[in-house]
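When we follow the numbering used here, the leftmost residue of the sequence shown carries the number 2, and every step to the right adds one. From the three backbone atoms N, C-alpha and C, an ideal C-beta is built for every residue, glycine too. Here's the structure we're looking at; comments come further down.
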Amino acid sequence: MKTLVLVAHPNLEQSVMNNAWAAEIEKHENVTVRRLYDVYPNEQIDVEEEQALLLAHDRIVFQFPFYWYSTPSLLKKWQDEVLSFGWAYGPGGDKLHGKQFLLALSTGGPEISYVAGGYNHYTISELLRPLQATSNLIGTKYITPFTVHGVRFLSEEQVKESAESYAQYVLNEDL
Ligand SMILES: Cc1cc2nc3c(=O)[nH]c(=O)nc-3n(C[C@H](O)[C@H](O)[C@H](O)COP(=O)(O)O)c2cc1C
């Protein structure tokens, strides 16, 4: 199985978690790691190239820090442009059917803040529903997301452990 990891972090040099995740998973075989903000410093997405990459992989991973209960803006732009009508959805839009779709995200808020009545009011599953609905529409299998909460509270050791668990989960063919 070939895995495509789209890393969407606007400032990877200052990232703790997403940088560690990308560096760890890159050590493995059959995985393509694509740091979108490096590939597109001017944010002009090459739709044909992105679609060709999607076709060449079986599992598509969106890896990102949670920003305003959503993805960073370049990954939203990527969705708007790459998942096009007649290609990813609509008549003839079956190109991604049967592929797997996996979200991997880090949050600043601790786990306890993502509950009914908590600081963020809703669970992560609830907040990720627009992306799950996108997965449904483009005909991919939605795999349970990999989430790490409260990144700023983690020790160096915990970050290292998280990077290993991340690679193990994302590359697990039995999900
Ligand atoms: C513009 C912006 C928006 C953010 N929105 C959220 C949010 O909605 N929920 C949350 O828990 N954390 C939010 N954060 C915190 C980031 O998710 C957190 O810093 C990041 O996951 C840490 O990962 P990193 O070490 O790879 O940067 C936000 C941060 C920024 C800069």
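Rank the options by C-alpha distance to the C-alpha of residue i and give the top, closest one.
i: Gly99; options: Tyr120, Glu25, Pro92 and Ile144; result: Ile144
i: Gly151; options: Gly140, Ser163 and Lys142; result: Ser163
i: Leu103; options: Glu50, Ala134, Ile113 and Gly110; result: Ala134
i: Lys28; options: Arg130, Tyr167, Asp175 and Trp69; result: Tyr167
i: Pro66; options: Leu84, Thr108, Phe147 and Glu49; result: Thr108
When we look at the beta-carbon of residue i and count the other beta-carbons within 10 Å, is it buried (16 or more) or exposed?
i: Ser136; result: buried
i: Met18; result: buried
i: Thr124; result: exposed
i: Gln64; result: buried
i: Leu56; result: exposed
i: Tyr115; result: buried
i: Trp69; result: exposed
Assuming residue i contacts residue j under a Cβ cut-off of 8 angstroms, what Cβ separation, rounded to an integer in Å, is found between them?
i: Ile46; j: Trp88; result: About 14 angstroms separates the two Cβ atoms, so there is no contact after all.
i: Glu165; j: Glu30; result: With a Cβ gap of about 16 angstroms, Glu165 and Glu30 do not count as contacting.
i: Val6; j: Glu51; result: With 8 angstroms as the limit, Val6 and Glu51 do not qualify as a contact, their Cβ atoms being about 13 angstroms apart.
i: Pro146; j: Leu128; result: Not confirmed; about 10 angstroms, so no contact.
Could you give the uninterrupted runs of the beta strand (DSSP E) lying entirely in the region 30 to 77, keeping only those of 3 residues or more?
32 to 36 and 60 to 66
Using a Cβ distance threshold of 8 angstroms, determine whether the region 31 to 44 contacts the region 82 to 99, with at least three qualifying pairs required.
no
Could you tell me which uninterrupted alpha helix (DSSP H) segments, each at least 4 residues in length, are contained entirely in the region 118 to 171, listed from first to last along the chain?
125 to 128, 130 to 139 and 157 to 171
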